[in-house]
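Please read the structure below before turning to the comments.
There are 2 protein chains.
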Amino acid sequence: MSDATTLDRAPPRKRDAEATRAAILEAAKGQFARLGYDRAALRDIAAEAGADVSLIKRYFGGKEALFTAALKASFRPGGFKHWDRGAFPREVAELMAGPVPADETSTHSFQFLLRAATSPTTAPLLSLAVQDRFLAPIREWLGGEDAPARARVLAAVFIGFLVERLVRDEPLDGAERAAFIDHAAAILEAAVAPKG
Amino acid sequence: MSDATTLDRAPPRKRDAEATRAAILEAAKGQFARLGYDRAALRDIAAEAGADVSLIKRYFGGKEALFTAALKASFRPGGFKHWDRGAFPREVAELMAGPVPADETSTHSFQFLLRAATSPTTAPLLSLAVQDRFLAPIREWLGGEDAPARARVLAAVFIGFLVERLVRDEPLDGAERAAFIDHAAAILEAAVAPKG
DNA sequence: CAGCTAAGTCAACGCCTATTGACATGCCGC
DNA sequence: GCGGCATGTCAATAGGCGTTGACTTAGCTG
Chain A
1 MSDATTLDRA PPRKRDAEAT RAAILEAAKG QFARLGYDRA ALRDIAAEAG ADVSLIKRYF
61 GGKEALFTAA LKASFRPGGF KHWDRGAFPR EVAELMAGPV PADETSTHSF QFLLRAATSP
121 TTAPLLSLAV QDRFLAPIRE WLGGEDAPAR ARVLAAVFIG FLVERLVRDE PLDGAERAAF
181 IDHAAAILEA AVAPKG
Chain B
1001 MSDATTLDRA PPRKRDAEAT RAAILEAAKG QFARLGYDRA ALRDIAAEAG ADVSLIKRYF
1061 GGKEALFTAA LKASFRPGGF KHWDRGAFPR EVAELMAGPV PADETSTHSF QFLLRAATSP
1121 TTAPLLSLAV QDRFLAPIRE WLGGEDAPAR ARVLAAVFIG FLVERLVRDE PLDGAERAAF
1181 IDHAAAILEA AVAPKG
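Residue numbers (this note's numbering), protein chains in the order written: chain A, 1 to 196; chain B, 1001 to 1196.
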């Protein structure tokens, strides 16, 4: 009856505060991204990390604090840098035409952001993290005159495609898929274009 | 100490099943849109409607059923028809540059959709409603060859701007606002353009 | 006016949650 | 080898939630 999502970890980890803290944070990142703030239970997070609930309080303080910690840890600065400006639109369009990957870690950060953004509980906790770790890198990556406004637009478009993919019930078939990619790429192209 | 969001209704409404049902539905639409599925409490919904919690069970069956009912009631078919194709991009761009209106009823349906879409609990309940009441009207409004794919893209862009506005911490100042509107309008233009 | 039924009320249950404080125990330095 | 402290465990608390069933009452029907 033990949860089979993670294999039973026979060596229950030596007493190591740093390691358990990290394990809790990792589990929190996953569960918050997958379930959202409300439905993620501290008990389950602790269980997945192989730790006790009370350690969450000790190491982080509470649920909100754990959430903000996981939020910060989910965004690595500079993740945008390596994207090629020319290939970006089509690559992202194709990514968004596909299903949500089973290995969710690749899009964890964005789902995390998305879930957090659309919950009234967590939205207030976002503004700083969004500014520093999301909008600022996009701004820098875009460059140019009205980078702030254009970063907002690009972020909006990006998030929009993310939601669309999240809600999509069945995969796009061949013809619709091709058309979707074409149009999405055109939109993204317009979003990263240097000047209107 | 009574909640001041709604004035105390001195006449507590005569015994009228239909009327109370409607009142509950109306309250549910508001609270679900504002708070999302998880944080909306049946007790509060009933209180806002001036009814008892148990009536929700009697008239709707349970929370999920109430939610789907509110979801269906939130989308009026044909709401898109009156939008002029030419003015649409700039109008929407300006709408999205502004703050979330205090009178939220104007964007209730979309917030409702948004909240529902990004919660794993309610996302499965969405597919039909989204197809029938959201994508289909957009498809019809767009017309043309690959209307299905383009409707998806337009819906994604729309939702994206909605989220951006929802998360925005402070209003856009003059310069950034103008640039934002320009770029957003360009994106929306590309989304409704007849052919790529 | 009497009686019945639909409409509304009330109180309680069971479950799950975050949080907390007291307790046990492994590990490290002396 | 031993004491002390950081680490981990356990149980209990308090509150909120959806759900439920029994009770009361208003309003129509005959």
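Ideal placement from N, C-alpha and C gives every residue a C-beta, glycine not left out. All values derive from a computational prediction rather than experimental measurement.
| Asked | Found |
| --- | --- |
| Per-residue burial, A1184 of chain B [other beta carbons within 10 Å of its own, 16 or more giving buried] | buried |
| C-alpha distance - E18 of chain A paired with F110 of chain A, whole-angstrom precision | 26 Å |
| Interface partners of G36 of chain A on chain B, CB under 9 Å | G1036, D1038, T1118, S1119, P1120, T1121 |
| Stretch-stretch touch, CB-based, cutoff 8 Å, three pairs: the segment 1120-1138 of chain B with the segment 121-137 of chain A | no |
| Under 8 Å from the C-beta of P148 of chain A: neighbouring residues of chain B | E1176, A1179 |
| Chain B residues whose Cβ lies nearer than 7 Å to that of V167 of chain A | A1117, A1123, L1126, V1130 |
| Short CB-CB distance (under 8 Å) between I1056 of chain B and chain A | no |
| Simplified DSSP state of F1134 of chain B, which is helix, strand or coil | helix |
| Exposure label - V100 of chain A; buried when at least 16 CB within 10 Å | exposed |
| Rounded C-alpha distance that separates S1119 of chain B from Y1037 of chain B | 8 Å |
| Local Cβ density within 10 Å of R1013 of chain B, reported as buried at 16 or more and exposed below that | exposed |
| Minimum Cβ-Cβ distance from L1114 of chain B to chain A less than 8 Å | yes |
| Within-8 Å CB hit, G1086 of chain B to chain A | no |
| Cut-off 7 Å between Cβ atoms - residues of its own chain near D1182 of chain B, not counting five sequence neighbours on either side | none |
| Interface residues of chain A facing R1152 of chain B [CB-CB closer than 7 Å] | E164, F180 |
| 8 Å Cβ cutoff, F1161 of chain B in contact with chain A | yes |
| Members of the segment 182-193 of chain A that neighbour chain B once the beta carbon cut-off is set at 8 Å | D182, H183, A184, A186, I187, A190, A191 |
| Cβ of V92 of chain A within 8 Å of any chain B Cβ | no |
| Within chain A, the residues that V1100 of chain B reaches when beta carbons sit closer than 9 Å | Within 9 Å Cβ-Cβ: nothing; V1100 of chain B doesn't reach chain A, min ~11 Å. |
| Assigned exposure category for K81 of chain A - 16 Cβ within 10 Å defines buried | exposed |
| L142 of chain A Cβ short of 7 Å to the ligand NAP heavy atom set | The ligand NAP is not part of the structure shown, which contains no ligands of any sort. |
| The segment 60-68 of chain A contacting the segment 1144-1151 of chain B, beta-carbon criterion three pairs below 8 Å | no |
| Contact with chain A by A1220 of chain B, beta-carbon distance below 8 Å | The shown model of chain B, from 1001 to 1196, leaves out residue 1220 of chain B, and the question about it has no answer. |
| Beta carbon proximity, V1157 of chain B to chain A, threshold 8 Å | yes |
| Assigned exposure category for R1015 of chain B - 16 Cβ within 10 Å defines buried | exposed |
| Coil, strand or helix - F1112 of chain B by DSSP | helix |
| R1177 of chain B versus I187 of chain A: straight-line alpha-carbon distance, rounded | 20 Å |
| Own chain residues within Cβ distance below 7 Å of P171 of chain A, not counting five before or after | P99 |
| Residue environment, Q1131 of chain B, which counts as buried when at least 16 other CB atoms sit within 10 Å | exposed |
| Proximity below 8 Å, CB of L1071 of chain B to CB of A1129 of chain B | yes |
| Assigned exposure category for A175 of chain A - 16 Cβ within 10 Å defines buried | exposed |
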